[in-house]
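Okay, structure first, notes after.
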Amino acid sequence: MIAPSILAADFARLADEAAAVAGPPGRGADWLHVDVMDAHFVPNLTLGLPVVQALRKATDVPLDCHLMIEDPERWALGYAEAGAHNVTVHAEASREPVALAKDLRAAGARAGLSIKPGTPLEPHLETLRHYDTLLVMSVEPGFGGQEFIPEVLDKVRTARRLVDTGHLTLLVEIDGGINADTIEAAAEAGVDCFVAGSAVYGAAEPARAVEALREQVRGASAHRWG
Ligand code: DX5
Ligand code: ZN
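Residue numbers for the sequence shown, in numbering that gives the first Met the number 0: 0 to 225.
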């Protein structure tokens, strides 16, 4: 799955930018990744619930809301109630991640847990039994256009193994620095869903960039499965 990040899009034209990656069924974006930042959990400020509510009406592409915010217990449920398909909170910010996942699911969303590049996976494995997605950050959260940190792929491989052996049931998602040079390594490590901001919206034709990334994943996955 490919999830273009609108952080790299033109914020004055979000409906058009969503349409630019939508494509026909089976092509185009699988999810639209929406980066919510609060200037506290990360040193940047982007958009919040009103924009997500508006975007929900403007596109049929499922919204993948990545909440880089403090106190997700207070805010995350609103995104599920607004119709986000997947709502991801940060393990470093959540005080009650199991209860939060239950609430998100009860509101009709998938529940996602994200870990920053320096955050180990092991302490969160029990919690992840309650989650539908694991978002492995491959840059420090806060800004688009940063360089991919390959060391995080060890966490992807571990998560992939746990999913393949039935110990976890979730999608493994990666976010940060994903482009033509890095996506194959991530695919070989076992990623299911690839967030790409600048690689998609920095391209002359965003929909073609999505297709090109998907083709690369297909090639790399074929290699992985032999
Ligand atoms: C970073 C965000 C990412 C960002 C990725 O904090 O979570 O989703 O948009 O942008 P690129 O693909 O440019 O690294
Ligand atoms: Zn993100």
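Note that beta-carbon positions come from the ideal geometry of N, C-alpha and C, so glycine has one too.
Given the structure is predicted, the values throughout are model-derived calculations rather than measurements.
What do you get for residue i, buried or exposed, if any count of 16 or more other CB atoms within 10 angstroms of its CB means buried?
i           : result
residue 117 : exposed
residue 49  : exposed
residue 25  : exposed
residue 166 : exposed
residue 107 : exposed
residue 164 : exposed
residue 44  : exposed
residue 42  : exposed
residue 168 : exposed
residue 174 : buried
residue 154 : buried
residue 9   : exposed
residue 16  : buried
Helix, strand or coil for residue i? Go by DSSP, reduced to three states.
i           : result
residue 172 : strand
residue 180 : coil
residue 193 : strand
residue 37  : strand
residue 32  : strand
residue 63  : strand
residue 167 : coil
Could you tell me the boundaries of the beta strand (DSSP E) in which residue i lies?
i         : result
residue 3 : 1-3
Residue range of the alpha helix (DSSP H) that residue i falls in?
i           : result
residue 55  : 48-57
residue 151 : No alpha helix (DSSP H) contains residue 151, which DSSP labels as neither H nor E.
residue 203 : No alpha helix (DSSP H) contains residue 203, which DSSP labels as neither H nor E.
residue 13  : 13-21
Does residue i get closer than 8 Å to chain B when you measure Cβ to Cβ?
i           : result
residue 193 : Among the chains in the structure shown there is no chain B, since it carries only a single protein chain.
Alpha helix (DSSP H) runs contained entirely in the segment 65-144, provided each spans 4 or more residues:
Those alpha helix (DSSP H) runs which fall completely within the segment 65-144 and span 4+ residues are 71-80, 96-105, 124-127.
Which residues, in chain order, sit with a beta-carbon under 6 Å away from any heavy atom of the ligand ZN?
Residues lining the ligand ZN by the Cβ criterion, that is a Cβ closer than 6 Å to any of its heavy atoms, are 4, 32, 34, 65, 174, 194 in chain order.
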